[in-house]
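One structure is given below, encoded as structure tokens.
Residue numbers (this note's numbering): 5 to 158.
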């Protein structure tokens with residue numbers, strides 16, 4: 005799976021920012037695969053959050069970006085999927101920590117609560133930051149264990 009492919013999706017409240025993020029990503033050499041929505045008509049965020057999150061959960065994409073009005077709804081949807089570590093980021097610090105400590109594989113943004121410039125800085129930091137490993141690896145393994153217990157009904 006190529007490192008340069010990123011799944012992206014939004015509801016109507018995040019569509020405008022999604023288009024701006026896609027332009028940034030493509031300018032940085034990433035291939036974006038857009039799971040919708042394609043217009044400003046009101047839609048339900050779970051429909052688009054599910055598509056991107058499932059694609060990342062199944063390993064078809066290493067990373068994804070989801071955008072809704074606040075980012076809260078997309079975060080809830082995304083984190084229902086095994087192996088997804090979706091993080092709602094508000095600034096460059098939370099973006100960096102989401103990668104260094106949590107190995108975030110889906111970035112969630114709030115299209116109605118972030119200024120465009122801030123959102124694009126968050127995306128850049130999220131893409132450029134690596135996972136630290138170490139003590140954080142142990143914590144992620146614990147999260148995976150919890151997921152497996154839930155999947156197995158234990």
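Note that the Cβ used here is the ideal one computed from N, Cα and C, for glycine as well.
- Can you tell me the Cα-Cα spacing of residue 90 and residue 42, whole angstroms? Per the coordinates, the alpha-carbon of residue 90 lies some 22 Å from the alpha-carbon of residue 42.
Can you find at least 3 beta carbon pairs, one from the stretch 25–40 and one from the stretch 5–16, that sit closer than 8 Å? yes
- Assign residue 5 to one of two classes, buried (16 or more other C-beta atoms within 10 Å of its C-beta) or exposed (fewer than that). Here the model assigns residue 5 a pLDDT of 38, short of 50, so the residue's position is not dependable and the matter cannot be decided.
Quiz item: Looking at the structure shown, is residue 112 part of a helix, part of a strand, or coil, going by DSSP?
Solution: Note: residue 112 maps to strand in three-state DSSP.
* Of the residues 87, 155, 133 and 156, which one's Cα is nearest the Cα of residue 144? -> 87
Next item on the list: Express the C-alpha separation of residue 72 and residue 15 in angstroms, rounding to a whole number.
Entry: 5 Å
- Message: By the three-class DSSP mapping on this structure, what secondary structure does residue 18 have?
- Response: Here residue 18 sits in helix by DSSP.
Next on the checklist: When you measure from the CB of residue 61 to every non-hydrogen atom of the ligand FAD, does any distance come out below 7 Å?
Outcome noted: With respect to small molecules bound, the structure shown includes none, and the ligand FAD cannot be examined in it.
Output the distance between the C-alpha atoms of residue 103 and residue 52, rounded to the nearest integer angstrom.
In a straight line, the C-alpha of residue 103 is about 23 Å away from that of residue 52.
**Message:** Can you look up residue 77 in the DSSP assignment and give me helix, strand or coil?
**Reply:** Reduced to three states, the DSSP call for residue 77 is helix.
From residue 131 to residue 146, what does the alpha carbon distance come to, in whole angstroms?
25 Å
Q. Taking the C-alpha atoms as reference points, what is the distance between residue 119 and residue 98?
A. 16 Å
request  = Determine the burial state of residue 156: buried for a count of at least 16 other Cβ atoms within 10 Å of its Cβ, exposed for fewer.
outcome  = exposed
Based on DSSP bridge pairs, tell me the residues matched to residue 11. 37 and 68
| message | Here's a check: name, in chain order, each residue in its chain whose Cβ is nearer than 6 Å to the Cβ of residue 47, leaving out the five neighbours to either side. | response | 15, 16 and 41
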